[in-house]
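Protein sequence lines correspond, in order, to chains A and B. To get the numbering used here, take the position in the first sequence, counting from 1, and add 187. To get the numbering used here, take the position in the second sequence, counting from 1, and add 31. Think of the CB as a built atom: it goes at the ideal place given N, C-alpha and C, for glycine as much as any other residue. Okay, structure first, notes after.
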Amino acid sequence: MSFGAQLFLAVLEGTVTASVLAVTALGLSLVFGVMRVVNVAHGEFFMLGAVIAWSVAFTVGDMPLVSFLIALIVGPLVVGGIAVAVDWLILKRIDYNPEGTIVATIGLLYIIQQATLILYGPEARAVEPPFYFLIQFPWFGYSGYKLIVVGISLMLLLGTWYGLTRTRLGLYMRATQYDREIAQAFGIPVRRVYAAVFALGGGLAAIAGVLVVPIQQAHYLMGHNPLLMSFIVVIVGGLGSLRGTLLAAFVIGISDGVISVFFTPTLAKIVATLLVSLVLVVRPAGLFGETEP
Amino acid sequence: MTGRKQDNPWRTPMIVLVLLLAAQFVLPAYHHGNLTRIMVFAVFAIGYNLAFGYAGLLSLGHAMFFAAGLYGAGMSAHFLGFSMPLAFLFGGLCGLVLALAVGLVALRTRGVSFMIVTLMFSQVGFLTILYFNEFTRGDEGFVLAQEIRQLRFGETVLSLTDPTLRYNLALGLFAASYLLGVALLRSPIGRVLVALRENESRVQMLGYNTFGYRLLALSISGALSGLSGAAYALLFAYVGATFAATQYSIYPLLWVLLGGVGTALGPLIGTGLMFYLVDFASEITSSYLIVVGVVLVLLVIVFPKGVIGTLQEKWRGLRS
Numbered sequence: 188m189s190f191g192a193q194l195f196l197a198v199l200e201g202t203v204t205a206s207v208l209a210v211t212a213l214g215l216s217l218v219f220g221v222m223r224v225v226n227v228a229h230g231e232f233f234m235l236g237a238v239i240a241w242s243v244a245f246t247v248g249d250m251p252l253v254s255f256l257i258a259l260i261v262g263p264l265v266v267g268g269i270a271v272a273v274d275w276l277i278l279k280r281i282d283y284n285p286e287g288t289i290v291a292t293i294g295l296l297y298i299i300q301q302a303t304l305i306l307y308g309p310e311a312r313a314v315e316p317p318f319y320f321l322i323q324f325p326w327f328g329y330s331g332y333k334l335i336v337v338g339i340s341l342m343l344l345l346g347t348w349y350g351l352t353r354t355r356l357g358l359y360m361r362a363t364q365y366d367r368e369i370a371q372a373f374g375i376p377v378r379r380v381y382a383a384v385f386a387l388g389g390g391l392a393a394i395a396g397v398l399v400v401p402i403q404q405a406h407y408l409m410g411h412n413p414l415l416m417s418f419i420v421v422i423v424g425g426l427g428s429l430r431g432t433l434l435a436a437f438v439i440g441i442s443d444g445v446i447s448v449f450f451t452p453t454l455a456k457i458v459a460t461l462l463v464s465l466v467l468v469v470r471p472a473g474l475f476g477e478t479e480p
Numbered sequence: 032m033t034g035r036k037q038d039n040p041w042r043t044p045m046i047v048l049v050l051l052l053a054a055q056f057v058l059p060a061y062h063h064g065n066l067t068r069i070m071v072f073a074v075f076a077i078g079y080n081l082a083f084g085y086a087g088l089l090s091l092g093h094a095m096f097f098a099a100g101l102y103g104a105g106m107s108a109h110f111l112g113f114s115m116p117l118a119f120l121f122g123g124l125c126g127l128v129l130a131l132a133v134g135l136v137a138l139r140t141r142g143v144s145f146m147i148v149t150l151m152f153s154q155v156g157f158l159t160i161l162y163f164n165e166f167t168r169g170d171e172g173f174v175l176a177q178e179i180r181q182l183r184f185g186e187t188v189l190s191l192t193d194p195t196l197r198y199n200l201a202l203g204l205f206a207a208s209y210l211l212g213v214a215l216l217r218s219p220i221g222r223v224l225v226a227l228r229e230n231e232s233r234v235q236m237l238g239y240n241t242f243g244y245r246l247l248a249l250s251i252s253g254a255l256s257g258l259s260g261a262a263y264a265l266l267f268a269y270v271g272a273t274f275a276a277t278q279y280s281i282y283p284l285l286w287v288l289l290g291g292v293g294t295a296l297g298p299l300i301g302t303g304l305m306f307y308l309v310d311f312a313s314e315i316t317s318s319y320l321i322v323v324g325v326v327l328v329l330l331v332i333v334f335p336k337g338v339i340g341t342l343q344e345k346w347r348g349l350r351s
């Protein structure tokens, strides 16, 4: 394969990584933006999405498309439900104290991860893609499913943007993000907005997990990498800035893909993380960050 | 931590150290070995507590400092033939230098960003160890040969395989770190650090170089973590990438939270309790880390001051 074709393949792979990353990181960024909560268990929500997709496929049997569609609905619903329960049982009780929530969600990370290990086991399990077709480029054939993943991700990003800017709930969320107390004074049910945002954030991660599982296998430790990548993206983009998150997701995802094709993935991660530190030296609040309160 | 303290501040530390010294004569071999490990890890926890409990720097990346000490000591002894004391000090130096370097970048951020940045740096450290698999042996790790684990004083040769010697070396390191923690808390530097935790802008307005003090706290903390890692490598002869993984950044946080944030004795109590809890849970299930998760959540919700913190409060309540 010529260098040009290889670069093209690298960019394609990078775009797939980037769009899944964008959906995952958007969830994390929303939760931080509105609730000021750093959810360290975010990667586990992603992993739960993947594991649920496998369970659905296992239950439904030999109908990959049907089980894929069911998983796309059931995954975020179940994870959203867990998120609401967590919000109510844990986060609310510590009054969303920033350090407390970090420690509590670290605990949650271990609880979800180890519970999955008990119920699901240590194996990595594959799920069949909902359809097989190759898109023929002049140099190579490329999995059509991966392009569908990019399409669904873009739709989700657009949907979230629409929801935030054009609906009442979105208005509530933005008002709460801007000033929690004033929002409450204006009769916005802040508690319920928090629960909704936490569920939405978890749901986005779960959908990303469902999308990724036909490409990557479902495994109880798979949440670690998306969590770190999302952290990098959210920090570089600037904590609390959705625009920054999306931009950073695409820049980092695509360059990660390109570096991974030409060098080892480990080196790609090392380079990406060190670049982030450089960004922080120049702009401690990230590229689009507001200065910290 | 009390405002006015008439009691001798050295009384509790002395009692604790005498108890630890006496414990080796009564404990059965199994617990004797455990306590050696607990004391080594408690030094790590004391180091973490200096940054988190005293100066309010919540780091999620201390595994890198522990691993710097572990590999600094292990590899210099294994490849370069450093003697044990030299390798030990070199490990501490590695932790110190790494903390200084990381601090220069990471301390530009604060709060939540600081936690995430330290977490990421620590991940870089872990990946770097895996990347240089050829020397570090990655996840598998390597074992230090018995011939090099010896202390020589002229003619006498002491082998680090002797449990009594290991126990007392660990006790010595722990005692030094513990007393350093107590002394620091009462020193002017320690008071500035605590003030920094409580209200940074006020400290800045009083004319203190807050960045310098935070860097100092992180460096001492990194050095202690490095010494703890070095001691682990030399006493237990094993060096592996597991100790650089995220889990080992979470453990010191957990130990300190459990024992009592910002207390001098808390790190030992937290490390000991957690060690036995994990030990007990891993006999029952291979998913023993779920215990770590449950304890973390419970600590935050119902027990935010930890064991020593709660006891201190009760005690103060009784006396006043």
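Short CB-CB distance (under 9 Å) between residue i and chain B
{"i": "A/Glu310", "result": "no"}
{"i": "A/Glu479", "result": "Per-residue confidence for A/Glu479 stands at a pLDDT of 44, beneath the threshold of 50, marking its modelled position as unreliable; the derived number appears in the next sentence. Closer than 9 Å to some Cβ of chain B, the Cβ of A/Glu479 qualifies, so yes."}
{"i": "A/Gln301", "result": "yes"}
{"i": "A/Lys456", "result": "yes"}
{"i": "A/Pro317", "result": "no"}
{"i": "A/Ile293", "result": "yes"}
{"i": "A/Val290", "result": "yes"}
{"i": "A/Ala472", "result": "yes"}
{"i": "A/Val400", "result": "no"}
{"i": "A/Leu434", "result": "no"}
{"i": "A/Thr451", "result": "yes"}
Element boundaries [beta strand (DSSP E), containing residue i]
{"i": "B/Gln177", "result": "First-last for B/Gln177: undefined, no H or E at that position."}
{"i": "A/Leu321", "result": "Leu321 to Gln323"}
Residue j beta carbon less than 9 Å from that of residue i
{"i": "A/Pro317", "j": "A/Pro452", "result": "no"}
{"i": "A/Val489", "j": "A/Thr303", "result": "There is no way to answer for residue 489 of chain A, as the model of chain A reaches only from 188 to 480."}
{"i": "B/Pro298", "j": "B/Val287", "result": "yes"}
{"i": "B/Ala137", "j": "B/Thr302", "result": "no"}
{"i": "B/Leu89", "j": "B/Met146", "result": "yes"}
{"i": "A/Arg223", "j": "A/Pro263", "result": "no"}
{"i": "A/Ile419", "j": "A/Ala435", "result": "yes"}
{"i": "B/Gly134", "j": "B/Leu246", "result": "yes"}
{"i": "B/Ala261", "j": "B/Phe119", "result": "yes"}
{"i": "A/Ala192", "j": "A/Asp443", "result": "no"}
{"i": "A/Pro376", "j": "A/Phe233", "result": "no"}
{"i": "A/Ile441", "j": "A/Gly201", "result": "yes"}
One or two residues paired with residue i in a DSSP bridge
{"i": "A/Thr211", "result": "None; A/Thr211 has no bridge partner."}
{"i": "B/Thr187", "result": "B/Phe184"}
{"i": "A/Arg312", "result": "A/Ala405"}
{"i": "B/Tyr279", "result": "DSSP, once it has assigned bridges, lists no residue as partnering B/Tyr279."}
{"i": "B/Val270", "result": "B/Phe173"}
Range of the contiguous alpha helix (DSSP H) that encloses residue i
{"i": "A/Val421", "result": "His411 to Gly424"}
{"i": "A/Ser330", "result": "It is not in any alpha helix (DSSP H) - A/Ser330 instead sits in the beta strand (DSSP E) that spans Gly328 to Ser330."}
{"i": "B/Arg42", "result": "Arg42 to Val57"}
{"i": "A/Ser242", "result": "His229 to Val247"}
{"i": "A/Ser447", "result": "Leu429 to Phe449"}
{"i": "B/Phe152", "result": "Gly142 to Tyr162"}
{"i": "A/Ala291", "result": "Pro285 to Tyr307"}
{"i": "A/Gly223", "result": "This sequence places Arg at residue 223 of chain A; Gly is not what is there. Element bounds for A/Arg223: n/a, residue is neither H nor E."}
{"i": "B/Arg228", "result": "Pro219 to Glu229"}
CB contact below 9 Å: residue i versus chain A
{"i": "B/Gln154", "result": "yes"}
{"i": "B/Thr341", "result": "no"}
{"i": "B/Val338", "result": "no"}
{"i": "B/Thr33", "result": "In this prediction, B/Thr33 scores a pLDDT of 48, lower than 50, which makes its location untrustworthy; the coordinate-derived value is nonetheless stated afterwards. It does not: the Cβ of B/Thr33 has no partner Cβ on chain A nearer than 9 Å."}
{"i": "B/Ser351", "result": "For B/Ser351, the predicted structure reports a pLDDT of 45, less than 50, and the residue's modelled location is therefore unreliable. A value from the coordinates is still provided. Not an interface residue."}
{"i": "B/Gly324", "result": "yes"}
{"i": "B/Thr273", "result": "no"}
{"i": "B/Leu299", "result": "no"}
{"i": "B/Pro335", "result": "yes"}
{"i": "B/Ala137", "result": "yes"}
{"i": "B/Tyr162", "result": "yes"}
{"i": "B/Gly84", "result": "no"}
Residue i: CB within 8 Å of a non-hydrogen atom of the ligand NAP
{"i": "B/Gly126", "result": "Within the structure as shown, the ligand NAP is missing, as the structure has no ligands at all."}
- Say whether the segment 182-192 of chain B touches the segment 40-54 of chain B, bearing in mind that this needs 3 or more beta-carbon pairs closer than 8 Å, one atom from each stretch. Because the criterion of three Cβ pairs below 8 Å is not met, the segment 182-192 of chain B and the segment 40-54 of chain B do not touch.
- Is the number of C-beta pairs between the segment 52-62 of chain B and the segment 217-224 of chain B that are closer than 8 Å three or more? no
- Item | the segment 164-179 of chain B / the segment 101-111 of chain B touching (three or more Cβ pairs under 8 Å) | yes
- Task: Please determine if the segment 389-399 of chain A and the segment 257-264 of chain A are in contact, where contact requires at least 3 C-beta pairs separated by less than 8 Å.
- Result: yes
- Any contact of the segment 261-280 of chain A with the segment 373-385 of chain A, i.e. 3+ C-beta pairs under 8 Å? yes
- Query: Should the segment 209-223 of chain A be called in touch with the segment 419-428 of chain A, which here means at least 3 C-beta pairs below 8 Å?
  - Reply: yes
- Cβ contact check for the segment 194-213 of chain B and the segment 274-289 of chain B: 3 or more pairs under 8 Å: Per the Cβ contact rule, the segment 194-213 of chain B is not in contact with the segment 274-289 of chain B (fewer than 3 Cβ pairs under 8 Å).
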